[in-house]
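Per full-length UniProt numbering, the sequence shown starts with residue 1, numbered consecutively. Working notes, structure below.
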Amino acid sequence: MKQFKYNENNHTGLYRHRILLRKRTLTTDELLQETETFEDYGSYWAMIKTLKGSELMEAGREQTKVEKRFVVKYAKSLDGFINDEHTTFEVVQNGVSYDVKSAINDDDMNATVTIVAEGRG
């Protein structure tokens with residue numbers, strides 16, 4: 001096995017992508033209209049896993065949005081943030097925003113957190 005090849009069983013690989021987690025808050029203006037605002041929560045290093053090649057080509061034919069899996073090293077602050085926010089936050093990577101579909105702690109050893117997100121159109 002190559003040293004830096006991704007292994008699905010233990011999430012070994014490079015954490016080389018910088019992602020930003022943004023907390024979504026609803027505010028009301030003077031006309032009592034609710035607007036969404038985003039405030040930065042924190043930046044983390046992540047591995048990015050996409051769909052398999054054949055699934056990605058099918059999604060392209062159907063004009064669907066790209067889904068990515070962000071595997072992030074565990075941090076206690078990140079775990080607390082996910083427990084509070086569930087899926088009401090967004091991930092920003094290279095200026096592209098992704099809506100979070102699910103975020104879970106992978107195991108009881110607190111090694112990694114997997115965030116599944118869908119790109120905005």
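For every residue, glycine included, the Cβ atom is placed at its ideal position computed from N, Cα and C. All values reported here derive from a predicted model rather than from experimental measurement.
Item                                                                                                              : Value
Proximity below 8 angstroms, CB of valine 113 to CB of aspartate 84                                               : no
Distance between beta carbons of threonine 87 and alanine 103, contact taken as under 8 angstroms                 : 7 angstroms
Sheet register partners of phenylalanine 70 (DSSP bridge)                                                         : Ile48 and Ile115
Outcome for valine 100 when other beta-carbon atoms lying within 10 angstroms are tallied against a minimum of 16 : buried
Exposed unless 16 or more other CB atoms sit within 10 angstroms - verdict on alanine 111                         : exposed
For leucine 78, three-class secondary structure by DSSP                                                           : helix
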